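A quick write-up on the structure given underneath.
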Amino acid sequence: MLRFLLLFQILYTVYQGHYNFESGVPGLNLPNALFLLVLVMLRFSGRPDEVEPKAFMRGPLLFFMAMLVLAFVIAQVRAPGAFMVDVTYLKNALFSPLLYFMYLHCRQDLRNTRLLVIAVMAVAAIAAVQAIRQGFDYGIGTYVETHRASGPFGSNYRDANRAGVYYAMFLPMFIGLALFLRDKRWRIAALGGVVLLTMALLFTYSRQAYFIAVLGLAVLLLRRSVLLAIVLGATLASLVGFLPESVTQRVEETQQKGPHGEEKVDESTASRWEIWAGALAMWQANPAGVGQNRFKDEIGHYSAFQHFDAHNFYVLTLAEGGPQALLALLLLVLATFRLGAWLRRSMPPDDPEARALAIGFSVTALCMALGNLYGSPFLEGNVMGTFWILCGLLERYMLLKTRQVPASTALVVSGADRMIERFPLAARARGLPARRP
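Shown next as structure tokens:
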């Protein structure tokens with residue numbers, strides 16, 4: 000029963016906005032109720048945990064949550080509004096990161112932990128199928144602003160950027176598996192996921208997501224082989240002409256011609272810069288921040304755009320929570336990078352699956368950080384929830400994996416040997432594996 004609930008929560012985390020049910024209790028929705036149910040079952044399961052996770056992200060996560068609470072207090076003191084609305088906003092902001100702790104301590108063995116990781120990937124592929132269907136229903140001949148696919152992340156085109164960030168964020172996991180796994184069946188399955196998420200990403204028409212996906216692909220290809228990166232890069236560049244015309248139209252909108260032929264950015268890009276300038280002025284006028292969920296109410300005083308989102312979560316955090324909240328956010332992002340580095344260091348030797356997951360997650364963490372530079376989905380549970388779940392699951396997965404490797408088989412590599420490993424022929428002469436992380 001516990002395993003079923005853990006699996007169902009992964010699925011519903013992404014689809015919570017698509018299938019929303021009221022609990023009848025103010026401030027309590029179905030994701031919260033499901034979380035509490037799983038928490039109770041974990042508490043009274045009576046099953047001892049096989050490992051004692053260190054929770055690498057505990058400190059940064061708790062610090063970030065504390066800064067969210069402080070921003071809530073600032074909002075109530077400085078500009079009190081609808082109290083229950085603010086409480087619900089705070090609750091939703093705090094809820095999603097808690098999934099990291101739940102799945103880190105989910106008390107599942109290696110087999111079931113691996114199954115949960117597969118479930119996270121499968122849900123991403125299912126969400127991609129929905130966006131693909133929307134894209135084909137809209138048509139791909141000519142770009143139309145209102146014909147952008149949002150998948151399960153919203154009801155209209157305004158949520159397409161959020162969907163694009165999600166697909167770009169999880170795409171490296173599939174690419175990593177396709178590049179580094181040895182089992183042919185799983186590599187084919189991973190390639191299928193790459194195709195699905197790439198198509199879904201294209202139909203969101205999110206230029207930010209396009210950039211993130213290309214960067215993630217480049218990093219993974221370079222990690223696999225410089226020659227492979229060059230060959231595939233040239234191949235993909237030659238295939239640009241085969242993209243749907245609507246996609247190329249969307250990309251070309253970034254640079255436009257002025258009335259006298261001069262180059263200028265499109266209105267969407269220019270408006271973001273003006274909003275960010277207004278956000279900086281907002282922070283200068285309120286050094287401690289204007290308070291949580293107050294940006295849209297205040298931005299009209301500092302720019303020509305009223306009731307607009309910041310379109311950059313780092314800027315939004317500075318404006319609403321002050322430099323202390325921005326510091327907490329940056330430390331949390333850094334913690335995800337550190338988790339990726341720990342996964343790469345801890346993976347057992349000659350384990351292609353662990354290597355693929357570790358390297359794929361490292362790039363996924365980078366894509367997550369970039370996804371909040373031109374948007375602000377960081378507190379959106381349906382976008383970020385499964386990312387936090389993946390953080391907890393992969394930390395647990397690697398701990399369980401390393402328990403299976405006898406200490407005598409652990410590979411100790413000196414600094415000089417690590418340098419030699421970068422050169423395959425020299426490494427082979429020394430009897431060392433090439434291209435360790």
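Numbering that gives the first Met the number 0 applies: residue 0 is where the sequence shown begins, and numbers increase by one.
Where is the CB? At the ideal position from N, CA and C, for every residue including glycine.
Values in this document were obtained by computation on a predicted structure and should not be read as measured data.
- Can Phe-202 and Gly-138 be called in contact, C-beta distance under 8 Å? Counted from its first residue, the sequence shown places residue 202 at position 203. Counted from its first residue, the sequence shown places residue 138 at position 139. Against a cut-off of 8 Å, the Cβ pair of Gly-138 and Phe-202 comes out as no contact.
- Message: Quick check for students: name the residue ranges of the alpha helix (DSSP H) that lie wholly in the region 117-197, counting only runs of 4 or more.
- Response: 159-179
- Task: Just mark Arg-271 as buried or exposed, buried being the case when its beta carbon has 16 or more other beta carbons within 10 Å.
- Result: Residue numbering aside, residue 271 sits at position 272 when the sequence shown is read from its first letter. Its Cβ being crowded by 16 or more others within 10 Å, Arg-271 is buried.
- Item | Cβ-Cβ distance between Leu-221 and Val-193 below 8 Å | Taking the first residue of the sequence shown as 1, we reach residue 221 at position 222. Taking the first residue of the sequence shown as 1, we reach residue 193 at position 194. Taking 8 Å as the Cβ cut-off, Leu-221 and Val-193 do not qualify as a contacting pair.
- 8 Å Cβ cutoff met for Ala-309 and Ala-70: If you number the sequence shown from 1, residue 309 lands on position 310. If you number the sequence shown from 1, residue 70 lands on position 71. Cβ distance not < 8 Å, so Ala-309 and Ala-70 don't count as in contact.
- Residue environment, Ala-159, which counts as buried when at least 16 other CB atoms sit within 10 Å: Within the sequence shown, the letter at position 160 stands for residue 159. Ala-159 should be labelled buried.
- Message: Would Leu-338 and Cys-390 qualify as a contact pair, given that the criterion is a beta-carbon distance under 8 Å?
- Response: Residue 338 sits at position 339 when you count from the first residue of the sequence shown. Residue 390 sits at position 391 when you count from the first residue of the sequence shown. Yes. Within cutoff.
- Query: If we call anything under 8 Å between Cβ atoms a contact, is Leu-60 one with Leu-89?
  - Reply: Stepping through the sequence shown from its first residue, residue 60 is reached at position 61. Stepping through the sequence shown from its first residue, residue 89 is reached at position 90. In this structure, Leu-89 does not lie closer than 8 Å to Leu-60 by Cβ.
- Query: Of all the options Thr-401, Leu-398 and Leu-369, which has the alpha carbon lying nearest to the alpha carbon of Gly-163?
  - Reply: As a first step, residue 163 is located in the sequence shown; it is residue number 164 there, counting from the start. For the residues Thr-401, Leu-398 and Leu-369, the minimum Cα distance to Gly-163 belongs to Leu-369.
- Task: Measure the C-alpha to C-alpha separation of Gly-374 and Ile-187 and round it to an integer number of angstroms.
- Result: Looking up residue 374 in the sequence shown gives position 375. Looking up residue 187 in the sequence shown gives position 188. Spanning the two alpha carbons is a distance of roughly 33 Å.
- Item | Alpha-carbon to alpha-carbon, Ala-54 and Cys-366 | In the sequence shown, residue 366 corresponds to position 367, counting from 1. In the sequence shown, residue 54 corresponds to position 55, counting from 1. If you take the alpha carbons of Cys-366 and Ala-54, they lie about 22 Å apart.
- Among Val-116, Tyr-166 and Arg-157, which one has its Cα closest to the Cα of Ala-355? On the sequence shown, residue 355 is found 356 positions in, with the first residue counted as 1. Selected option, being the one with the closest Cα: Val-116.
- Message: What does the alpha-carbon distance come out to for the pair Leu-10 and Ala-284?
- Response: Taking the sequence shown and counting its residues from 1, the one referred to as residue 10 is at position 11. Taking the sequence shown and counting its residues from 1, the one referred to as residue 284 is at position 285. For Leu-10 and Ala-284, the distance between alpha carbons rounds to 43 Å.
- Message: Quick check: the Cα distance between Leu-35 and Pro-96, rounded to an integer number of angstroms?
- Response: Along the sequence shown, one-based indexing puts residue 35 at 36. Along the sequence shown, one-based indexing puts residue 96 at 97. Their backbone Cα atoms lie some 14 Å apart in a straight line.
- Task: Would you mind reading off the limits of the alpha helix (DSSP H) that contains Cys-105?
- Result: As a first step, residue 105 must be located in the sequence shown, where it is residue number 106. No alpha helix (DSSP H) contains Cys-105, which DSSP labels as neither H nor E.
- Task: Alpha carbon to alpha carbon, how far is Thr-316 from Phe-304? Give it in angstroms, no decimals.
- Result: Locating residue 304 in the sequence shown gives position 305, counting from the first residue. Locating residue 316 in the sequence shown gives position 317, counting from the first residue. Approximately 18 Å, taken between the alpha carbons.
- Query: How would you label Ala-79, buried or exposed, when you count the other beta carbons within 10 angstroms and need 16 or more for buried?
  - Reply: For the purposes of this step, residue 79 is taken as the residue at position 80 of the sequence shown. The amino acid occupying residue 79 in the given sequence is Pro; Ala does not appear at that position. Exposed, by the Cβ-count rule.
- Message: Just to confirm my understanding: we take Phe-150, look at its own chain, exclude 5 residues before and 5 after, and list those with CB closer than 6 Å. What are they?
- Response: Numbered from 1 along the sequence shown, position 151 holds the residue referred to as residue 150. First, the residue type needs correcting, since residue 150 is Gly and not Phe in the sequence shown. Excluding residues within five positions, the ones whose Cβ falls inside 6 Å are Ala-126, Gln-129, Ala-130 and Ala-162.
- Item | Whole-Å CB distance - Arg-344 paired with Val-50, under 8 Å assumed | If you number the sequence shown from 1, residue 344 lands on position 345. If you number the sequence shown from 1, residue 50 lands on position 51. Not confirmed; about 17 Å, so no contact.
- Local conformation of Ala-300 per DSSP, three classes: Residue 300 sits at position 301 when you count from the first residue of the sequence shown. The sequence shown places His at residue 300, rather than the Ala named in the question. Of the three classes helix, strand and coil, the one that applies to His-300 here is helix, per DSSP.
- Item | Integer-rounded CB distance, given that Gly-380 should sit under 8 Å from Thr-12 | In the sequence shown, residue 12 corresponds to position 13, counting from 1. In the sequence shown, residue 380 corresponds to position 381, counting from 1. About 7 Å; that satisfies the 8 Å criterion.
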